[in-house]
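J.: End of the sequence shown sits at 269 in the working numbering; the numbers just go up one at a time, nothing left out. Just so it is clear, CB atoms sit at the ideal spot from N, CA and C, and this is done for glycine as well. Pasting in a structure now, in structure tokens, and then I'll have a few things to ask.
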Amino acid sequence: MKTINTLIATATLAGALFASSSAFAVDEYNVSTGTTLTNAGIALRGDDAVALATGLDVLPGTAKFTVERDGVAYYFSSKETMKQFAADPERYMPQYGGFCAFGVAIGKKLDANPHFADIVDGKLYLFLNEVAFEKYKDDKAGTLEKAEKNWPGMHHVAVSKVNGG
């Protein structure tokens, strides 16, 4: 009986850890509503992170070339870009978990569109839409300074709590 109780407790703990890791990814990273077979959310709307972070090229990735990191799936357009990412993910991952940098500057976790992106000092920043991108361009340094200040207090907080939902 003790063995059965131990197995049940272990299974319950494993389930709780799995559920919390999925929730972690959703709140820590801006992911698409779709998921992979491993239940990982999809980053950058499925676009190639390396192409975006190195030349602001929005290239659709494919599940054939996937790297999972922290419960998030990154898709790539080629085996080459997948290998580049796997070798140095921090170099290619968007700042603020892929949330809109302007949104973070105003204290919100907003969706981001890879078509509105900028690279500053080798770091990739994403924006919600043309309006947010234009506001950012009016004061790039100020926006990023505010975002850097705000992010530590927002990073581990659920989207609904940050955005007042």
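#1: Using DSSP's beta-bridge definition, name the partner residues of residue 145.
#2: Under 8 Å by Cβ, that's how I've got residue 176 and residue 186 pegged, so tell me the actual separation to the nearest angstrom.
#3: Buried or exposed: which applies to residue 134, given that a residue is buried once 16 or more other Cβ atoms fall within 10 Å of its Cβ?
#4: Taking the beta strand (DSSP E) that residue 242 falls in, what are its first and last residues?
#5: Bridge partners for residue 151 per DSSP, in chain order?
#6: For the beta strand (DSSP E) containing residue 224, list its first residue and its last residue.
#7: Tell me the rounded alpha-carbon separation between residue 145 and residue 246.
T.: In short:
#1: When DSSP reads this structure, residue 145 sits in a beta bridge with 139 and 176.
#2: The Cβ separation is near 14 Å, so there is no contact.
#3: Burial of residue 134 is indicated by the presence of at least 16 other C-beta atoms within 10 angstroms of its C-beta.
#4: Segment 234 to 242 is the alpha helix (DSSP H) holding residue 242; no beta strand (DSSP E) there.
#5: Beta-bridge pairing links residue 151 to 164.
#6: Taken as a continuous stretch (DSSP letters only), the beta strand (DSSP E) holding residue 224 covers 217 to 224.
#7: Taking the straight line from one Cα to the other gives about 31 Å.
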